[in-house]
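Scroll down for the structure; my scribbles are underneath it.
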Amino acid sequence: MPPRRRAHAKAFGRRGPILVLVGLALAAGGCTYPTFGASHGADVQGQEIGKLYSGMFMAGLVVAAIVWGLIAWSVFRYRRKKHDNSIPRQFQEHIPLEITYTILPLVIVIIIFAFTVITENEVDAVSKRPAQTVDVTGYQWGWIFSYQNANGLTLRTQGAVRSFPAAKGYTADVYPQLVLPEGRPTKIVLRSADVVHEFYVHAFNFGRFAQPGVTNVFEFTPVQTGVFPAQCSEYCGLYHSEMLFSVRVVAYPRYESWLRYQEHHLNQIPKHYPLTQR
Ligand SMILES: [Cu+2]
0 MPPRRRAHAK AFGRRGPILV LVGLALAAGG CTYPTFGASH GADVQGQEIG KLYSGMFMAG
60 LVVAAIVWGL IAWSVFRYRR KKHDNSIPRQ FQEHIPLEIT YTILPLVIVI IIFAFTVITE
120 NEVDAVSKRP AQTVDVTGYQ WGWIFSYQNA NGLTLRTQGA VRSFPAAKGY TADVYPQLVL
180 PEGRPTKIVL RSADVVHEFY VHAFNFGRFA QPGVTNVFEF TPVQTGVFPA QCSEYCGLYH
240 SEMLFSVRVV AYPRYESWLR YQEHHLNQIP KHYPLTQR
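Just so you know, numbering that gives the first Met the number 0 puts 274 at position 275 of the sequence shown, and the rest follows in order with no gaps.
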């Protein structure tokens with residue numbers, strides 16, 4: 000190797016790992032961390048998923064940097080030169096190296112698996128006494144949100160797609176909105192009235208199927224007030240793209256007064272009322 004190139008290679012060899020470490024330290028030590036397209040999480044569960052996703056992505060980037068770096072290094076360092084047909088030194092059966100590249104990925108996978116199980120258990124946990132239970136039903140094409148209040152009444156909000164002509168008879172002419180109290184756990188009981196839909200809220204890093212014949216139960220504990228866009232994310236027919244909704248998180252006292260107000264302004268249906276959406 001010519002001396003100048005060797006010096007360059009040496010300089011990169013010294014700086015490369017430092018640059019990676021500085022990048023990671025910036026990412027970890029800053030007030031925020033890169034989400035790589037996910038959300039930081041507007042609820043407790045979404046924050047956990049966001050951290051797991053970001054951690055896995057960064058671990059993947061480190062592995063990719065090492066793999067791509069080594070590939071690029073061997074491609075450029077040992078490229079075929081003009082008038083030089085010699086083959087570089089060949090290595091095989093390097094047992095310590097083979098053990099290392101078998102054990103190391105295994106350790107990485109075990110660590111990722113452990114963090115995934117811990118996070119999933121946290122995200123899937125449902126408290127015994129949630130502040131509120133909301134029945135969510137997906138149907139072609141819209142969402143129904145039913146709240147059970149302290150008096151045993153079911154308050155139903157419903158919105159249908161705007162461009163769907165048959166939707167004219169529905170109670171709302173806007174996309175439906177799920178209202179949640181901030182800082183309290185709300186249990187969601189998710190069902191489908193017809194085909195497979197998916198209840199997806201980007202700000203919560205959360206999506207779950209609404210499957211016919213299956214009831215999915217989960218919980219949200221919002222940590223941030225605001226209105227968050229949400230949608231069906233499983234293709235379910237002609238107006239799938241219109242199956243939009245939003246999640247509105249309000250402070251708990253406001254939520255309580257909102258719920259009281261709804262008693263007088265929403266469809267009130269007894270608990271045993273069979274849901275007929277169409
Ligand atoms: Cu859909």
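Idealized CB from N, CA, C, for every residue including glycine.
To which residues of the same chain is proline 164 closer than 7 Å at the C-beta, ignoring the five residues directly before and after it?
The predicted position of proline 164 is uncertain, since its pLDDT is 44 and thus under 50; a value taken from the coordinates is nonetheless stated next. Around proline 164: no qualifying Cβ.
Bridge partners for alanine 58 per DSSP, in chain order?
According to DSSP, which records beta bridges pairwise, alanine 58 is partnered with nothing at all.
Tell me which same chain residues have a C-beta within less than 7 Å of the C-beta of valine 122, skipping the five on either side of it?
Contacts found: Gln44, Glu47, Ile48.
Using 8 Å as the Cβ pair cut-off and three pairs as the minimum, do the stretch 110-121 and the stretch 183-194 touch?
With a cut-off of 8 Å, the stretch 183-194 and the stretch 110-121 do not count as touching, because too few Cβ pairs lie within range.
Cβ of histidine 93 versus every heavy atom of ligand 1: is any distance shorter than 6 Å?
No, ligand 1 has no heavy atom inside 6 Å of this Cβ.
Between the alpha carbons of tyrosine 260 and glycine 236, how many angstroms are there, rounded?
Their backbone Cα atoms lie some 35 Å apart in a straight line.
So, helix, strand or coil for asparagine 215, using DSSP?
Assigned with DSSP and collapsed to three states, asparagine 215 falls in strand.
Beta-carbon separation of serine 245 and glutamine 176 under 7 Å?
Yes, the pair counts as a contact, with Cβ atoms nearer than the cut-off.
Can you tell which of Gly206, Pro95, Tyr52 has its C-alpha closest to the C-alpha of valine 116?
Taking only the C-alpha atoms, the option nearest valine 116 is Tyr52.
Here's the rule: buried if 16 or more other CB atoms are within 10 angstroms of the residue's CB, otherwise exposed. What is phenylalanine 35?
Exposed is the label assigned to phenylalanine 35, since fewer than 16 other Cβ atoms lie within 10 Å of its Cβ.
How about valine 188 and valine 216: are their beta carbons less than 7 Å apart?
Their beta carbons are under 7 Å apart, which means valine 188 touches valine 216 by this criterion.
Under 6 Å from any heavy atom of ligand 1, does the C-beta of histidine 239 make it?
Here the distance from the Cβ of histidine 239 to the nearest heavy atom of ligand 1 is below 6 Å.
Got a sec: does ligand 1 put a non-hydrogen atom nearer than 6 Å to the Cβ of histidine 201?
For histidine 201, the shortest separation between its Cβ and any heavy atom of ligand 1 does not lie below 6 Å.
Taking valine 247 as the reference, give the member of Pro180, Tyr238, Phe208, Gly40 with the closest Cα.
Note on residue identity: the sequence assigns arginine, not valine, to residue 247. Residue nearest to arginine 247 within the set Pro180, Tyr238, Phe208, Gly40 is Pro180 (criterion: CA-CA distance).
With DSSP as the reference, identify every bridge partner of isoleucine 187, one or two as the case may be.
Bridge partners of isoleucine 187: Val133, Phe217.
Pull the bridge partners of alanine 209 from the DSSP assignment, please.
His196.
Using DSSP with H/G/I as helix, E/B as strand and the rest coil, what is proline 104?
Three-state result, proline 104: helix.
Can you determine whether any heavy atom of ligand 1 sits closer than 6 Å to the C-beta of methionine 242, and answer yes or no?
Taking non-hydrogen atoms of ligand 1 into account, the C-beta of methionine 242 is found less than 6 Å away from one of them.
Own chain partners of tryptophan 67 with C-beta closer than 6 Å, once the 5 adjacent residues on each side are dropped
Cβ-Cβ distances below 6 Å link tryptophan 67 to nothing in the same chain once the five nearest sequence neighbours on each side are left out.
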